[in-house]
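One structure below.
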Amino acid sequence: MDVEMESVILEYYDKNGRRLRKIVNNILARFGGISQKDYDDFYSLANEVFVEAMRKYDDSCKFDTYLFSCLTNQIKTEMTRRNRRKRRPDNGIWSIEQMEEEGKCPEDLGRTDFYVEWICDTYAQEASDGRVEVYMRGLSQLQRQIVERRVDGMTKQEILQELGISEYTYNRNLSQLKSYDRAKTLFNREDRDCTKEARMVGVQTAEISKCTNYSVSSYIKKLKNYSIRGDHPLQRNSGQWSSVQKYNLITTVLNRYPIPEVILAEQIRDNGTENWLIDGKQRLTNLLEYEEGAFKIGKAAERPLIHYQTVRRDEAGAVVLDADGTPEYEQCTVDVRGKYFHDLPEALKERFNDYTITAVQYLNCSDDDIEYHIRRYNAAKPMSPAQKGVTHLGERYARMVKRIACHPFFERCAPFKLSEFSNGTIDRVITESIMVIWFLNDWKKKQEDICEFLKVNAQPKHFEEFERMIGRLSTVITKEGAELFHSKDAFLWFGLFHRFDKSEADDCCFVEFLASFKDELHKKVVDGQSYDSLCQKGTKDKAAVFHKLMTMEKLMEEFLENK
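For what it's worth, the numbering used here labels the leading residue of the sequence shown as -16, then goes sequentially.
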């Protein structure tokens, strides 16, 4: 090594040595069960990889990106070599206290803590089709900040301190990042967009439905490669279940208790056949997320002691045989509370992946058939009014609503709660806005009635124009003005912005009006009533909506005249 290269290496390592260790920790986190001695070995390996990377690096990409790729590949190779040695598996009862003492459960060693960084960095290295860019584009500003800091190797506590957020806020956002509906953009290279339309092809068949059994691993594979579509525009998003419901689903599978069948609907189109997931999305996506390491089983799980049988092994890891050459077996019990999927014994991982769930597939379904089945099967756990309403919108417009709901305005500008992105609230705001902009005289109070009306009377241009409108708003709106666009009144402000177009004033004038309204105009009396007094009624009756919008428009016109 020449003197100049040695100087460069020492300088870089002096500045980034601590970060290099963090990168190694994050790569190792996905494997689990690693001792401190193993960590020391891999730190030494990382130093060797670092020196070699410095020698071979060219400027075709960032050095940090190149180094991460080299480290990942070398550590994977070393882990594969080590895993070829047979080891005696753990047996007996594992308690939460034991796992914490052994260092297997803390978040900074778990696969989940590394999950977001693993997605971004791994796919950045292995994918060139923009999936990571699509994934990142759909995040809120706070979520992007969390991801970027995880990629930089910052710990959870460092992120909390730098961003000034609570642990609760951090965990809620991290949970959203790891959800199926977020991560599905990274699953497959094929462009399968639920917002794109295709013409349905009618095929005559004598069968109405058929039953097939699939293993959990098969369902996960089919969701990832889109041979089962979990993204029908009329379907609810994943993430509807509570934590306890998710824990109990996993223990149900590990205990080998049966769970309800999954419902699929075959739809033959001119560009191929789709198998839509009608019922069972929450079950399958939670199984997928657990297998991916998105959550661990909590203390509230029921029946967490899982019994299983495994072959006995000697200290060298070899199978113990009796005098007849038959393997000896032993009965084991494991407490799965506090465990991620990668923490489970191999026997339980296999049990999880091999667990079968019956799928009932309806054949040759029309759009109306699918709409009907989604409503029918979701009657057991009722949809929210917003979610149920969209099922009356029809597939064509539901696709457009789902596309608009992904617009950055809703996540990066407007003050919507995290739960409102999964419970149908954004869809409701969009349909209410379309209604108040173009069909105010036909206003309906119930979301179901609004969607029924729009299905018959709306046109694609209405949704397209609304999407362009929020695009304009997102480029000029301030944080203070955006706070008015909450889930209760956002449709009124969208309606007012559409009326603002008649003034032909610059969009910045509307933003100035929002600031003035928030400061003082909301209290100003117009025709005997202020906006605040109208809001005290808290109703979406036609008369109330009409009066609120008229008051807002008069205040805006007066403001623009005085500019």
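Ideal Cβ positions, reconstructed from N, Cα and C, are used throughout, including at glycine.
Within 8 angstroms, strictly: CB atoms of Tyr312 and Gln292: Yes.
Is Gly321 closer than 8 angstroms to Ala369 when the C-beta atoms are compared? It is not a contact, given that the beta carbons lie outside the stated cut-off.
Among Leu456, Ala29, Met119 and Met37, which one has its Cα closest to the Cα of Thr55? Minimum Cα distance to Thr55 is reached at Ala29.
Report the option in Ile453, Tyr163 and Thr534 whose CA atom is closest to the CA atom of Asn220. If we check each option's Cα against that of Asn220, Tyr163 comes out closest.
With Val227 as the anchor, note down where its beta strand (DSSP E) starts and where it stops. Note, Val227: premise wrong, no beta strand (DSSP E); alpha helix (DSSP H) at Ser226 to Leu237.
Other residues of its chain near Ser198: CB distance less than 6 angstroms, five sequence neighbours each side excluded: These residues qualify, in order along the chain: Asp337 and Thr339.
Nearest-angstrom Cα distance between Tyr202 and Leu456? Each residue's alpha carbon lies about 41 angstroms from the other.
Have a look at Val319 and Ala283 and give me their C-alpha separation to the nearest angstrom. Going by the C-alpha atoms only, they are around 11 angstroms apart.
Are the segment 226 to 241 and the segment 273 to 289 touching, with three or more C-beta to C-beta distances below 8 angstroms? Flag = yes, the segment 226 to 241 and the segment 273 to 289 touch.
Check whether Gly372 and Ser416 have beta carbons under 8 angstroms apart: One thing to note: Gly372 has its Cβ no nearer than 8 angstroms to the Cβ of Ser416.
How would you call Asn254, buried or exposed, if buried means at least 16 neighbouring beta carbons within 10 angstroms? Residue environment analysis places Asn254 among the exposed positions, since fewer than 16 neighbouring C-beta atoms fall within 10 angstroms of its C-beta.
Would you say Leu346 and Ser192 are within 8 angstroms of each other, going by their C-beta atoms? Yes, Cβ-Cβ distance for Leu346 and Ser192 is below 8 angstroms.
Are the segment 386 to 403 and the segment 445 to 462 touching by the rule of at least three beta carbon pairs closer than 8 angstroms? A contact exists between the segment 386 to 403 and the segment 445 to 462.
Residue range of the beta strand (DSSP E) that includes Cys194: Under the DSSP assignment, Cys194 falls in the beta strand (DSSP E) whose first and last residues are Ser192 to Ser198.
For Ala36 and Tyr49, believed in contact at Cβ under 8 angstroms, the rounded distance: Indeed, because the Cβ distance is near 6 angstroms, the residues count as touching under 8 angstroms.
State the DSSP-derived secondary structure class of Arg212, mapped to helix, strand or coil. Here Arg212 sits in strand by DSSP.
Where does His445 land, buried or exposed, given buried means 16+ other C-beta within 10 angstroms? Burial call: buried.
Hey, out of Gln57, Arg212 and Ser225, whose CA is closest to Glu628's CA? The question about residue 628 has no answer here: the residues shown for the chain are numbered -16 through 546.
DSSP three-state call for Cys315: helix, strand or coil? Looking at Cys315 - three-state DSSP - the assignment turns out to be strand.
Can the beta-carbon of Leu467 be found less than 8 angstroms from the beta-carbon of Leu504? It is not a contact, given that the beta carbons lie outside the stated cut-off.
Got a sec, what are the start and stop residues for the alpha helix (DSSP H) Gly372 sits in? Pro368 to Val373 is the span of the alpha helix (DSSP H), which, as asked, contains Gly372.
In the DSSP assignment, what are the bridge partners of Ser513? BP columns for Ser513 point to Val508.
Using only CA atoms, which one of Gln126, Glu145 and Glu131 lies nearest to Asn154? Distance check between Asn154 and each of Gln126, Glu145 and Glu131 places Gln126 closest, using alpha-carbon atoms only.
My guess is that Asn258 and Leu267 are in contact by the Cβ rule of under 8 angstroms, so how many angstroms apart are they, rounded? At roughly 12 angstroms, the Cβ-Cβ gap does not stay under 8 angstroms, so Asn258 and Leu267 are not in contact.
Pair within 8 angstroms by beta-carbon distance, Glu244 and Val343: For Glu244 and Val343, yes; Cβs fall inside 8 angstroms.
Alpha carbon to alpha carbon, how far is Lys59 from Pro72? Give it in angstroms, no decimals. Residue placement at Pro72 cannot be trusted, given a pLDDT of 42 that sits under 50; what the coordinates show is reported in the next sentence. Distance between the alpha carbons of Pro72 and Lys59: 21 angstroms.
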